[in-house]
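If you read the sequence shown in my numbering, its first letter stands for residue 99, the second for the next number, and so on. Below: the structure, in structure tokens.
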Amino acid sequence: IFSIILNATKAKAKRKAWDVISARCVDRELRKIVSVNNDNSVSVQWAWRVVCEFNYEGRHYRATPKIHWSDAGQSESPFWSEEKAKLFLEKSIFLSGECKLRVNPTDPLETELVR
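What follows is the structure in structure tokens.
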């Protein structure tokens with residue numbers, strides 16, 4: 099457990115050092131994820147896929163940023179309700195489509211949506 103926490107802390111600190119830039123969201127899709135649990139109960143989760151365009155160091159990019167990243171799980175965490183998923187994006191992307199991204203300077207296609 100200690101190593102998971104340590105790795106998560108390191109990953110978060112590394113991303114905090116990435117450049118924060120302005121971008122434009124050009125496409126977004128909310129997906130409903132339905133799964134059957136071991137006890138045959140059904141769980142529903144929601145996940146966004148967003149496409150953003152931005153200029154970084156003189157080049158134009160189109161990327162799919164991480165939306166709701168979990169450092170501990172090293173993956174994107176889905177939302178437990180459609181309402182929470184929509185609210186999260188409303189706070190992250192303006193009606194005009196403008197948003198902020200963290201960009202990995204060594205790999206500009208690796209991005210994270212800034213809330």
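Glycine included, every Cβ here is placed at the ideal spot set by N, Cα and C.
Check: To which residues of the same chain is R147 closer than 6 angstroms at the C-beta, ignoring the five residues directly before and after it?
Finding: Closer than 6 angstroms at Cβ, skipping near neighbours: E127.
Notebook entry, point to check: Considering only residues of the same chain and omitting the five flanking positions on each side of K189, which have a CB-CB separation below 7 angstroms?
Noted result: Here K189 has R213 as same chain residues with Cβ atoms under 7 angstroms from its own Cβ, once five neighbours each way along the sequence are excluded.
Margin query: Quick check for students: name the residue ranges of the alpha helix (DSSP H) that lie wholly in the stretch 100 to 166, counting only runs of 4 or more.
Written below: Listed in chain order, the complete alpha helix (DSSP H) runs (minimum 4 residues) inside the stretch 100 to 166 are 100 to 114.
Check: Is DSSP giving L193 helix, strand or coil here?
Finding: The three-state secondary structure of L193, taken from DSSP, is coil.
Notebook entry, point to check: Does the distance from the CB of L211 to the CB of P163 come in under 9 angstroms?
Noted result: Yes.
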